[in-house]
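*Asks:* Residue numbers (my numbering): 1 to 194. Just so you know, even glycine gets a beta-carbon here, dropped at the ideal spot from N, CA and C.
(1) Please name the residue in 152, 34, 44 whose C-alpha comes closest to that of residue 115.
(2) Tell me whether residue 113 is buried or exposed, calling it buried when 16 or more other Cβ atoms sit within 10 Å of its Cβ.
(3) Let me know the alpha helix (DSSP H) ranges lying completely inside the stretch 147-184, each 4 residues or longer, listed in chain order.
(4) Cβ of residue 168 within 7 Å of Cβ of residue 129?
(5) May I ask you to verify whether the stretch 58-68 touches the stretch 134-144, counting CB pairs closer than 8 Å and requiring at least 3?
(6) Residues in its own chain within less than 6 Å of residue 103 by CB, not counting five upstream and five downstream?
(7) Tell me whether the beta-carbon of residue 33 lies closer than 7 Å to the beta-carbon of residue 191.
(8) Okay, do the stretch 80-100 and the stretch 171-187 touch, 3+ Cβ pairs below 8 Å being the bar?
(9) Go ahead and pull the three-state DSSP assignment for residue 25.
(10) Does the CB of residue 84 have a neighbour CB from chain D at under 7 Å?
(11) At which residues does the beta strand (DSSP E) containing residue 88 begin and terminate?
(12) May I ask you to list the residues that DSSP assigns as paired with residue 207?
(13) Specify, as a first and last residue, the run of the beta strand (DSSP E) that residue 122 falls within.
(14) Would you give the residue range spanned by the beta strand (DSSP E) that residue 140 belongs to?
(15) Drop a sphere of 10 angstroms on the beta-carbon of residue 80, count the other beta-carbons inside from all chains shown, and report buried for 16 or more, exposed for fewer.
(16) Given a threshold of 16 other Cβ atoms within 10 Å of its Cβ, counted over all protein chains shown, does residue 98 qualify as buried or as exposed?
(17) Can you look up residue 48 in the DSSP assignment and give me helix, strand or coil?
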C-alpha cells in the first residue's frame, strides 16, 4: 500500500512539473506592462485623445462585450477621416531599469479588427533617453504586418534582439494608423524579457 502511494505521489509530482514547463511562449517571463489583460478597464493605459490629435473624432474605450480572453479589451474607432495625418493610440511607459543589456524583449498583443479601411493598425515599442526626442530603438509592425479589414483575434509579435541597455524609458503603443476608419480591439498585451 505504501509503495502504491509513493508511486502515485511521484507520478503526480512529475505530471505537475511537465505541465508547469509547458507554458505558452508569450506568457513566460515577467510581463512588464500593467493591466495587460485589460481586466481593470483602461487603468494604466493613456491615449492621445487631445484636441490636437483628435480631429478625426476618434472614440476610445473599454469593451466588456468583445475580448480575446477574459472579459475586457481596449478599443479605438473612427467613422470618418477628415485629417489624413492624424492617428490614434493607447500607450504605456515605464523605466527601462527593469531590463538588462543583452536580453531579448518581446511585445505580444492580440488584435481584433472590424471593417478597418486605410492604413490599418500597428503595435510598436521604443526606448528613449531622458531629455532626448529621438528614440534609441523603435520596433513596429507598420509596413511589415498588414492589419486591415475584418478579422478575429490575431496575435501580433515584435522582438528586439538584443536590447542594448541604453534606454531610460520604454514606451508601448497600440495604434490606429492615419487615414484609417473602422474599429480595432487590443487585448492580452505582454512585454517580456528572456
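*Replies:* Considering the structure as presented:
(1) Residue 115 sits at position 115 when you count from the first residue of the chain shown. Residue 152 is the option with its Cα nearest to residue 115.
(2) Within the chain shown, residue 113 is the residue found at index 113, counting from 1. So residue 113 counts as buried.
(3) none
(4) In the chain shown, the residue the question calls residue 168 occupies position 168. In the chain shown, the residue the question calls residue 129 occupies position 129. Using a Cβ distance threshold of 7 Å, residue 168 and residue 129 count as a contacting pair.
(5) no
(6) Taking the chain shown and counting its residues from 1, one reaches residue 103 at position 103. 163, 193.
(7) Residue numbering aside, residue 33 sits at position 33 when the chain shown is read from its first letter. Residue numbering aside, residue 191 sits at position 191 when the chain shown is read from its first letter. In this structure, residue 191 lies closer than 7 Å to residue 33 by Cβ.
(8) yes
(9) Position 25 of the chain shown holds residue 25. Low confidence applies to residue 25: its pLDDT is 42, below 50, so where it sits in the model is not reliable, and the reading given next is rough at best. Of the three classes helix, strand and coil, the one that applies to residue 25 here is helix, per DSSP.
(10) Protein chain content of the structure displayed is limited to a single chain, and chain D is not contained in it.
(11) The count along the chain shown starts at 1 and reaches residue 88 at position 88. Segment 88-95, the beta strand (DSSP E) holding residue 88.
(12) The shown model of the chain, from 1 to 194, leaves out residue 207, and the question about it has no answer.
(13) By 1-based counting over the chain shown, the position of residue 122 is 122. Residues 105-128.
(14) Taking the chain shown and counting its residues from 1, one reaches residue 140 at position 140. Segment 137-140, the beta strand (DSSP E) holding residue 140.
(15) Residue 80 sits at position 80 when you count from the first residue of the chain shown. Residue burial annotation: residue 80 is exposed, with fewer than 16 other C-beta atoms found within 10 angstroms of its C-beta.
(16) Taking the chain shown and counting its residues from 1, one reaches residue 98 at position 98. Its Cβ having fewer than 16 others within 10 Å, residue 98 is exposed.
(17) In the chain shown, residue 48 corresponds to position 48, counting from 1. Coil at residue 48, not helix or strand.
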